[in-house]
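Notes for the one structure printed next.
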Amino acid sequence: MPALLEIRGLHAAYGSVRVLDGIDMDLAEGRVTALLGANGAGKTTTLRAICRHLVDTRGEVRLAGERIDRHSTERIARQGVGHVPDGRGTFAQLSAEENLRLGAQARPTR
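In full-length UniProt numbering, the protein residues as written are 1 to 110.
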C-alpha cells in the first residue's frame with residue numbers, strides 16, 4: 001500500500017537545541033500509526049514539524065505525493081493534516097475516534 005504521508009529527513013530545533021535529527025516515516029492510508037516514546041523524545045515536535053507549527057525545520061513532507069513542507073500551516077490544515085495537542089481542542093465526553101470524525105466533518109473536501 002503506497003504511503004499517504006511520507007516524511008524524509010525531518011529535522012527540527014528550538015533555537016540552538018536540536019530535537020529531531022533526520023526522521024523518516026511512511027504512513028499508509030487507512031491505517032492507524034502510533035508514535036511512541038518517552039517524555040521529551042520528540043513525539044510532539046515531530047507532529048508540530050509536520051504541520052509547520054515550528055519554523056526551524058528542514059526535510060521533506062509529502063501528502064499523496066505532493067510536497068507540503070513549504071506550505072503554510074493554514075494550507076496544510078486545509079489539505080487535511082492537523083495536530084490537536086492532548087487535552088486541548090477536544091471534547092472530553094467523546095472518544096478519540098469521535099473527536100477525529102468531528103474534526104473531519106469541518107473539512108468536507110476530504
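A virtual CB, placed ideally from N, CA and C, is assigned to each residue, including glycine.
About 15 Å separates the CB atoms of L4 and L100; that is not less than 8 Å, and the two are not in contact. Rounded to whole angstroms, G42 and D21 show a C-alpha spacing of 10 Å. Its chain contains L5, I50, C51, L63 and I68 as the residues whose beta carbon lies nearer than 8 Å to that of V81, once the 5 sequence neighbours on both sides are disregarded; these appear in chain order. A Cβ-Cβ contact shorter than 9 Å links L47 with H83. Put simply, of V19, A34, L54 and H71 the residue whose alpha carbon is nearest the alpha carbon of M25 is A34. For L47, the enclosing alpha helix (DSSP H) has its first and last residue at K43 to I50. Approximately 5 Å separates the beta-carbon atoms of I7 and V61; this is inside 8 Å, confirming the contact. Residue state for E60 is assigned as strand, using DSSP reduced to three classes.
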